[in-house]
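Here is the structure we will look at.
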Amino acid sequence: MEKEDQPEDHIKKIQFKENSPSQEDLERIRKRIWNDINKHEVIVPWWNRPYYLAAAAVSFLVVALGIGWWNINQENYKTAYGEIRKITLEDGSRVTLNANSTLKIGNNLDDNKVREVWLTGEAYFAIAKHNGAKFIVHTTEAEVEVLGTEFNVIARRKNTKVVLHEGKVKLHAPNLPAVIMKPGDMATVMDKKQPIELRIVRTELYDSWKESMMVLDDKPVSEIAEMLQDNYGIHISFADTSYLNKRLNGKLSLKSTDDFITNLATILDLEVEKRDETFLFK
Amino acid sequence: MIRDKLTPQEHRSLWDEFRSGSQDAFSRLYELFSADLYRYGYNLVRNRQLVEDCLHELFLHIYNNRHKIGTTDNIRFYLYRALRRRLTDASARLNKLDSEDYIFDRAEFLIQSYETELVEQQVVDRQKEVVVAELNRLPKRQKEILYLVFMKELSYQQAAEVMNITMKSVYNTIHVALSALRISVIERLNREGIFINVSIAVLVGYMVRIR
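In order, the protein sequences belong to chains A and B.
Using this note's numbering, the letters of the first sequence correspond one by one to residues 3 to 284.
Using this note's numbering, the letters of the second sequence correspond one by one to residues 12 to 222.
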C-alpha cells in the first residue's frame, strides 16, 4: 500500500445511504411548524384570561384575516440554486419549478376567465382544463397561451424556449406573428426582432431535470456549464477552452452537484480543482 | 465535499438574527437545514413519522426559546445534537427499551450506482465494493462517528457532544475503526487474489477530491 493512502480518505469518497425527504414532506412539516407558531401567539392570552374572550376573538379574526391576506399575496414561488419544487395551483394545474427560478401567480386563478402566471427561469407545466379558461405564461420575451396541456418553458439568458409535450399552445411575442405549436415542437423566442424559430425535438431531453437527471444527447460542454451556472450558481472553467466545444452523450445525475462535477471530469478525463467559487478543469 | 455552503461567520450571524427574533432568519434556518436534519434523523431511527414529529417539535422549541439559547458558529452541529436527543428520548418512550439499541441501526455506506456505470473496470469496482462492505460491518456506533466526522464534517469534539460520549472515545473509536478497516480490506483483497498495486485512492472513489 502506498504511503498517501490514508483510510480516512477512502471513507470521504464513499457515499452514505441517505433517505431524503421529498419536497412535499418538508412542506408538510413546515406547515405544521408555522401553524403552531401562529396558534401559540393567539391562543395563549385567550386561554389565560377568559374574560378577554371578546378581545381575543377579535384579535384572532384580525390575525386570521391577516394570514389569509398574506397567503393571497404570497403567491410567489422562488427556488434557490439547486432546488426543484413541485407546486399545485388553485385550478389544479401542476407546475415543477426548476432551480433558481421565480413564478408569480395572478389573482383568482380559480375563477378568472384568464389564468395568468409570470415566469423567470425554467418550469414544466401540466395545465388542468378549467371551464375553458385560458392559461397564459408570461416571460420577458413572450406569452404562451394554452387550453390544457403539458409543456416546458425556459426563460433565461434573454431568450425563451418552449417545448410542447402534449396538447396545443399558441405563442405570442411582441411585434412578431403568433405561432401555433404542436406536440414535439420546440419554439425559441430571441429578444431581438428575429422570427420565432420552430423545430422538432425529442421532448424527453427537455424535462429530465424534473428527475434531477441531465440527458446530454450531444450537448456541448459550454451548454452544461451554462446550466450549472443558471440552476446551481456553480461556475466551471477550463484550462484548455477547446473542451467547451466537446459534445457529450449519456445521462448524468444531478442529485449531488459534487458528484456531477466529478463525473463530468471523469468523462472528460480531466482533473478538477476548486478555486474560490470556481471549479477549474485541467 | 461542499455540502454546507455557509462560513462559520455566516452561521453565527444567521443564528444571531434568528435569536433576535427575525422570522426571516427562522425561515432560512428551516430551508437550509431541514432536509439534512431529516436525513440524519432517518438514519438514526428509520421511522419517517417519528422524524417528522421530532423535527416539528425541535423547530417549534427553538422558535419559542429563541431569546434564551446561546450562540453557535455551526448551526448544523447545534441542531444535530438537539435532534438526536429528541429522537433518542422519543424512541425510548416508544420502544420501552434502551433506545441506544435502535439508534443508527441499519444505516449503511454505499457506492452510488450511476457512478459505477461510468467506470467499467471490473476489478476496480470489486475493490470498491470490498471497502464499502467492510465499512458496513463496523459496529453502528463507529459508523455513526464516521458519518458525523467524515460525511457531515463535524469536529471530533462536536461529534462527541452530538452522541453524548467523551472526546476520548471518539478518538479511540475512529482509530479502531480505521485500523480495522485497513486490515480487513487488505486481507480480503489478498484473499481474493486482487493485487493492490493501484493506489486505493483510485480504487475507492474515482472521486476527485474537491477542496
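Every residue, glycine too, gets a C-beta built ideally from N, C-alpha and C.
Please read these numbers as outputs of a predicted model, since none were measured by experiment.
Close beta carbons around residue i, own chain, < 6 angstroms, minus the five adjacent residues each side
i, result
"residue 282/A", "239, 275"
"residue 78/B", "none"
"residue 85/A", "101"
"residue 157/A", "121, 122, 141"
"residue 88/B", "165, 169"
"residue 83/A", "101, 102, 234, 235"
"residue 166/A", "153, 183, 185, 187"
"residue 195/A", "none"
"residue 266/A", "none"
"residue 78/A", "106"
Buried versus exposed call for residue i [16 or more other C-beta atoms within 10 Å across all chains shown]
i, result
"residue 202/A", "exposed"
"residue 4/A", "Confidence is the limiting factor: at residue 4/A the pLDDT is only 40, short of 50, which leaves the residue's position unreliable, though a coordinate-based value still follows. Residue 4/A is exposed by the Cβ-count criterion."
"residue 261/A", "buried"
"residue 19/A", "exposed"
"residue 19/B", "exposed"
"residue 21/A", "exposed"
"residue 90/A", "exposed"
"residue 123/A", "buried"
"residue 170/B", "buried"
"residue 249/A", "exposed"
"residue 151/A", "buried"
"residue 63/A", "exposed"
"residue 52/B", "buried"
"residue 132/A", "buried"
"residue 226/A", "buried"
"residue 153/B", "buried"
"residue 264/A", "buried"
Sequence-distant residues of its chain with Cβ nearer than 8 angstroms to residue i (five each side left out)
i, result
"residue 150/B", "none"
"residue 145/A", "138, 139, 173, 174, 175"
"residue 28/B", "35, 36"
"residue 193/A", "142, 143, 160, 161"
"residue 247/A", "222, 223, 224"
"residue 25/A", "86, 87, 88"
"residue 206/A", "217"
"residue 125/B", "Legend: pLDDT at residue 125/B = 39, less than 50; position of this residue unreliable, value from coordinates given subsequently. None."
"residue 229/A", "216"
Pair within 8 angstroms by beta-carbon distance, residue i and residue j
i, j, result
"residue 125/A", "residue 103/A", "yes"
"residue 129/A", "residue 119/A", "no"
"residue 218/A", "residue 253/A", "yes"
"residue 88/A", "residue 117/A", "no"
"residue 182/A", "residue 191/A", "no"
"residue 35/A", "residue 161/B", "no"
"residue 182/B", "residue 158/B", "no"
"residue 220/A", "residue 251/A", "yes"
"residue 64/B", "residue 22/B", "no"
"residue 258/A", "residue 215/A", "no"
"residue 41/B", "residue 277/A", "no"
"residue 57/B", "residue 116/B", "yes"
"residue 25/B", "residue 86/B", "yes"
"residue 50/B", "residue 68/B", "no"
"residue 148/A", "residue 169/A", "yes"
"residue 196/B", "residue 145/B", "yes"
Bridge partners - residue i, DSSP secondary structure assignment
i, result
"residue 222/A", "249/A"
"residue 188/A", "165/A, 201/A"
"residue 131/A", "DSSP, once it has assigned bridges, lists no residue as partnering residue 131/A."
"residue 255/A", "215/A"
"residue 139/A", "119/A, 146/A"
"residue 238/A", "281/A"
"residue 195/A", "DSSP, once it has assigned bridges, lists no residue as partnering residue 195/A."
"residue 78/A", "106/A"
"residue 153/B", "None; residue 153/B has no bridge partner."
"residue 158/A", "161/A"
Cβ shell of residue i (< 7 angstroms), same chain only, five flanking positions each side left out
i, result
"residue 279/A", "237"
"residue 80/B", "30, 73"
"residue 98/A", "86, 88, 125, 126, 212"
"residue 92/B", "172, 173"
"residue 179/A", "none"
"residue 45/B", "66"
*Between the segment 14-32 of chain A and chain E, which residues of the former have CB atoms less than 8 angstroms from a CB of the latter, in chain order?*
Of the protein chains in this structure, namely A and B, none is chain E.
*In the segment 34-49 of chain B, which residues sit with their C-beta less than 8 angstroms from some C-beta in chain A, listed in chain order?*
Going along the segment 34-49 of chain B in chain order, one finds 41, 42, 45, 46, 49 with a Cβ nearer than 8 angstroms to chain A.
*Positions along the segment 74-108 of chain B whose CB lies within less than 9 angstroms of some CB in chain A*: Residues 74, 75.
*Going along the chain, which residues of the segment 141-164 of chain B sit with their C-beta nearer than 8 angstroms to a C-beta in chain A?*
Here the close residues are 142, 143, 146, 157, 158, 161, 162.
*Contact list for the segment 59-71 of chain B against chain A, Cβ threshold 7 angstroms*: Flagged, chain order: 63, 66, 67, 70, 71.
*Taking any Cβ of chain B, which residues in the segment 129-146 of chain A have a Cβ under 8 angstroms from it, in chain order?*
The residues in question: there are none.
_Residues from the segment 201-229 of chain A in contact with chain B, defined by Cβ distance under 7 angstroms_ = Within the segment 201-229 of chain A, no residue has its Cβ closer than 7 angstroms to any Cβ of chain B.
*asked:* Residues of the segment 157-189 of chain A in Cβ contact with chain B at a cutoff of 8 angstroms, in chain order, please.
replied: From the segment 157-189 of chain A, no residue has a Cβ closer than 8 angstroms to chain B.
*Give, in chain order, every residue of the segment 169-182 of chain B whose Cβ lies closer than 7 angstroms to some Cβ of chain A.*
Within the segment 169-182 of chain B, no residue has a Cβ that lies closer than 7 angstroms to any Cβ of chain A.
*Scan the segment 242-267 of chain A for residues whose Cβ lies nearer than 9 angstroms to a Cβ of chain B and list them as they occur along the chain.*
Of all residues in the segment 242-267 of chain A, 252, 253, 254, 255, 257, 258, 259, 260, 261, 263, 264, 265, 267 have a Cβ within less than 9 angstroms of some Cβ in chain B.
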